Amino acid sequence: MPVKIAPSILSADFSRMGEAIAKLNAAGADLIHCDVMDGSFVEPITFGGQMVKNIRPLTRLPLDVHLMIEHPKTQIKFFAEAGADIITVHYEACAKISPAYLRETLQLIKSHGVKCGAVVNPDTDVQKIFDVFDICDMVLIMSVFPGYGGQKFIPSALDQLKKARAYAQKIGRGDMDIEVDGGINANNAAQAAAAGANVLVAGSAVFGSGDMAAAISALRS
């Protein structure tokens, strides 16, 4: 499967977000990854639906909204109406509420005409979400613990990616997007892709480079 690059705007200068989006459009990004943090599921607070709404007119690229929040069901309507193309939610946040909450949230996302996905942290076995692969458009494997950019890639994520890709193929969903997020750079992108990821989230590796187009090209190749 072709590799897609999803730069994370968490690493952008929030005071110059329009300029950052224009640069991503020109640099060849495939998606724009929007890290939403609520100060509860993870310590930091980033932004909400208004940021996604403001970005939407600036790009035709899919907006990949990653909700690192408690009670994600309560926020789906806002992000769908803001223009999200895909919304991913954490198994860990949903499992605290009820065994059915993850599937219910994914179904709610779908009901708004938006693609959906489930996310697992590095210390959660991806098998925990195998039962929702049938409804997911994307599965996101965290290769750092969520909350802060600039962390180092956790190698055990490679095994998670392999298991996710193998199970997707087993159930006839071999074309499912499998995304990896955290510490991705030109040194480990090939490993992540070989393990089964076809969507690579990169923040520092793109926004910290002097040439965003070259950085995206290097990650993709």
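Under the working numbering, think of the first position of the sequence shown as 20, with each following residue one higher.
Built from N, CA and C at the ideal position, the CB exists for glycine as well.
These numbers were taken from a predicted model, which means no experiment stands behind them.
Euclidean distance between Cα positions of residue i and residue j
| i | j | result |
| --- | --- | --- |
| residue 41 | residue 218 | 21 Å |
| residue 36 | residue 187 | 36 Å |
| residue 131 | residue 125 | 10 Å |
| residue 192 | residue 139 | 19 Å |
| residue 171 | residue 177 | 14 Å |
| residue 110 | residue 149 | 11 Å |
| residue 252 | residue 96 | In the structure as shown, the chain begins at 20 and stops at 240. Residue 252 is therefore absent and cannot be evaluated. |
First and last residue of the uninterrupted alpha helix (DSSP H) at residue i
| i | result |
| --- | --- |
| residue 37 | 36-46 |
| residue 82 | Segment 82-87 is the beta strand (DSSP E) holding residue 82; no alpha helix (DSSP H) there. |
| residue 123 | 120-130 |
| residue 196 | Element bounds for residue 196: not the alpha helix (DSSP H) but the beta strand (DSSP E), 196-200. |
Three-way DSSP call (helix, strand, coil) for residue i in this model
| i | result |
| --- | --- |
| residue 221 | strand |
| residue 68 | helix |
| residue 163 | coil |
| residue 107 | strand |
| residue 24 | strand |
| residue 62 | coil |
| residue 51 | strand |
C-beta atoms of residue i and residue j nearer than 8 Å
| i | j | result |
| --- | --- | --- |
| residue 59 | residue 89 | yes |
| residue 29 | residue 65 | yes |
| residue 238 | residue 200 | no |
| residue 166 | residue 63 | yes |
| residue 133 | residue 106 | yes |
Where residue i falls, given that 16 or more other Cβ within 10 Å makes a residue buried
| i | result |
| --- | --- |
| residue 184 | buried |
| residue 93 | exposed |
| residue 123 | exposed |
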